[in-house]
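**Q** Next up is a structure, given as structure tokens.
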Amino acid sequence: METKKPYITVQAPEGYSAPGFFATNLDKVVGLARKNSIWPLPFATSCCGIEFMATMGAHYDLGRFGAERLSFSPRQADLLMVMGTIAKKMGPIVHQIYEQMAEPRWVIAVGACASSGGIFDTFSVLQGIDKVVPVDVYVPGCPPRPEQIIDGFMKIQELVGNESLRRRYSPEYRSLLESYGIK
Ligand code: SF4
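Positions -9 to 173 (our numbering) are the ones given, in order, by the sequence shown.
Following this line, the structure appears as structure tokens:
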């Protein structure tokens, strides 16, 4: 009888293998674990948030990527997903939430409003959340389809999986945070 191959959801990192033996480096193992167990904090202020709800639903199911556990506390989240129009008054709140997240942390700006202010080129709307926090991935669209949100999420997974464990201690990273007034 033909034996079925096991369904592999996660590929092993590059390394050296032989029967009963596999060796790789620590960065890759930690990256593999982190990228498949991201806990997102959904900061949804308007219509893009509705697309995110669809992304979490049964059809698109972000849980397939190990991210079904949303965190509504910044202290237990490692991915800030900003979805919607951010008024200037909300800017300091987004900044505070980012500061309350533990390292390592990543940020996605979902949709035109979060990325650049979108159609709201007005005195009251923040022209992109990168004015208050560093952004890792921008997802275009007004609104982006769930497929685009998933694509942005997979780009984050790529960054998370390949990030060196030393990056967060580097002078470049520290000066990036300092440019946002974060010590
Ligand atoms: S980008 Fe478009 S869909 Fe998303 S919050 Fe702004 S106006 Fe709404």
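Every residue, glycine too, gets a C-beta built ideally from N, C-alpha and C.
How big is the Cα-Cα spacing for V0 and V100?
**A** V0 and V100: Cα-Cα distance of roughly 26 Å.
**Q** Does the ligand SF4 have even one heavy atom less than 7 Å from the beta-carbon of A2?
**A** No, the Cβ of A2 stays beyond 7 Å of every heavy atom of the ligand SF4.
**Q** I want to check one thing, is the minimum distance from the CB of P133 to the heavy atoms of the ligand SF4 below 7 Å?
**A** It does: the Cβ of P133 is within 7 Å (strictly closer) of some heavy atom of the ligand SF4.
**Q** Can you give the beta carbon distance from T45 to I119, rounded, assuming they're within the 8 Å contact cut?
**A** Actually they do not touch by this definition, with Cβ atoms about 19 Å apart.
**Q** Tell me whether I172 is buried or exposed, calling it buried when 16 or more other Cβ atoms sit within 10 Å of its Cβ.
**A** Exposed: under 16 other Cβ atoms inside 10 Å.
**Q** Output the boundary residues of the beta strand (DSSP E) element that contains V97.
**A** Unbroken beta strand (DSSP E) run through V97: W96 to V100.
**Q** Going by C-alpha distance, which of A102, P64, I146 and M43 is nearest P130?
**A** Nearest of A102, P64, I146 and M43 to P130, Cα basis: A102.
**Q** Which residue or residues does DSSP assign as beta-bridge partners of P30?
**A** Per DSSP, L69.
**Q** Give the straight-line distance between the Cα atoms of I76 and N15, rounded to the nearest whole angstrom.
**A** In a straight line, the C-alpha of I76 is about 41 Å away from that of N15.
**Q** Measure the C-alpha to C-alpha separation of R177 and E4 and round it to an integer number of angstroms.
**A** The structure shown does not extend to residue 177, since the chain is modelled only from -9 through 173, so no value can be given for it.
**Q** If V81 and K18 are in contact, beta carbons under 8 Å, what's the gap, nearest whole angstrom?
**A** Before going further, note that residue 81 is Gly rather than Val in the sequence given. Actually they do not touch by this definition, with Cβ atoms about 37 Å apart.
**Q** Quick check: what's the CA-CA separation for R158 versus L166?
**A** Going by the C-alpha atoms only, they are around 10 Å apart.
**Q** Cβ of A77 versus every heavy atom of the ligand SF4: is any distance shorter than 7 Å?
**A** False, no ligand heavy atom lies under 7 Å from that Cβ.
**Q** Give the secondary structure of S7 by DSSP, where H, G and I count as helix, E and B as strand, and everything else as coil.
**A** Of the three classes helix, strand and coil, the one that applies to S7 here is strand, per DSSP.
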